[in-house]
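Below you can see the structure in the form of structure tokens.
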């Protein structure tokens, strides 16, 4: 009798697993590439809760630790590698040339979590307030010129580093810039000849372990670094409801975060541990969750809205970033022929709130 009962339980379990597998295989799939930071965590968390399946979709999530240009290049080589990604506006503006992409939402603002990290003991840290508009920012032309800095390509980190240099009337031509892609940048920072780097979290926290100090965030020097949801236009046109559901899944995690960030800390620790192999403290995880500004769907609809034939707030932000990037590209030339201001910027339709409106329908159910 006991053996029969156990057999029934085993058969029931197998049936449930097969049923679940069949369910996942039979529903629309979305291939998403996101970075190993807060917004990637939020989608990972939503997946852990099964919220995508609840809305009848299956999000195939890949977590990346490279940079936005690399993600753009992979999609150019193989458009099927992702349908939607979340990356800063910087790779979108300069790295998506000849790619038909749309901005369909904002994952977060990473301005407060993108930083210039300087090696402890550097003369740069001994001077503060050289520019009176930024009395708390360390550095001076004399202490910065000729020093070596690392960046992950033309990225939000490079953009922030350039903005910091500009405070001192400097640019990339006044320093030595080394481009190191991926996690190798942290290993290179152990080289005593390296003075600093432009990084985003969690690399900023990792760099503190090896002797670096945060001298400014992008937000501290009045820079906005939006992480945008970028989508393949052919995919979204053919899968409108699925794309709306994808955004709704993400916004559900955003609502959870805004409700109480503390309750998500253990899950964030687990996420970072699984992708970095390092244990991050509750304090650091909570700070990082809060340092990435997230927006409700209604806030986003306002940012994306075109009123009285005026450009939306998002379009204006993209224009401002484009101007700054043109200066960076002059000082940091690339051998990659695809690195140039994209033709998207001339197309008024590259920003759309269509899928946010669909997402709101599912959030309100």
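In the working numbering, the protein residues as written are 55 to 419.
The beta carbon of each residue, even a glycine, is placed where N, CA and C say it ideally should be.
Since the structure is predicted, the reported quantities are computational estimates derived from the model, not experimental observations.
Annotated as distal: residue 137 and residue 316, with beta-carbon spacing of 9 Å or more.
Across the structure, residue 322 and residue 339 are spaced so that their CA atoms are roughly 7 Å apart. If you draw a straight line from the Cα of residue 329 to the Cα of residue 260, it is about 13 Å long.
Residue 303 sits in a helix when the DSSP states are folded into three classes. As DSSP reads the structure, residue 233 sits in a beta bridge with 205. Taking residue 119 as reference, the option from 206, 379, 309 with the minimal CA-CA separation is 206.
The criterion of a C-beta distance shorter than 9 Å is satisfied by residue 86 and residue 113.
Judged by DSSP in its simplified three-state form, residue 142 adopts strand.
The DSSP-derived three-state label of residue 332 is coil.
Taking the Cβ atoms as the reference, residue 117 lies roughly 7 Å from residue 98, within the contact range of under 8 Å. Residue environment analysis places residue 168 among the buried positions, since at least 16 neighbouring C-beta atoms fall within 10 angstroms of its C-beta. Going by beta carbons, residue 91 and residue 165 fall outside the 9 Å limit. The beta carbon of residue 268 lies closer than 7 Å to those of 169, 171, 258 in the same chain, with the five residues before and after it left out. By the criterion of at least three beta-carbon pairs nearer than 8 Å, the stretch 353 to 368 is not in contact with the stretch 128 to 135. A direct Cα-Cα distance of roughly 32 Å separates residue 190 from residue 308.
Secondary structure of residue 96 (DSSP, three-state): helix. Taking 9 Å as the cut-off, the Cβ atoms of residue 256 and residue 223 do not count as close. In this chain, the beta strand (DSSP E) harbouring residue 282 covers 280 to 286.
When only Cα atoms are considered, residue 337 and residue 362 end up about 45 Å apart. A Cβ-Cβ separation of about 5 Å places residue 302 in contact with residue 417 under the 8 Å criterion.
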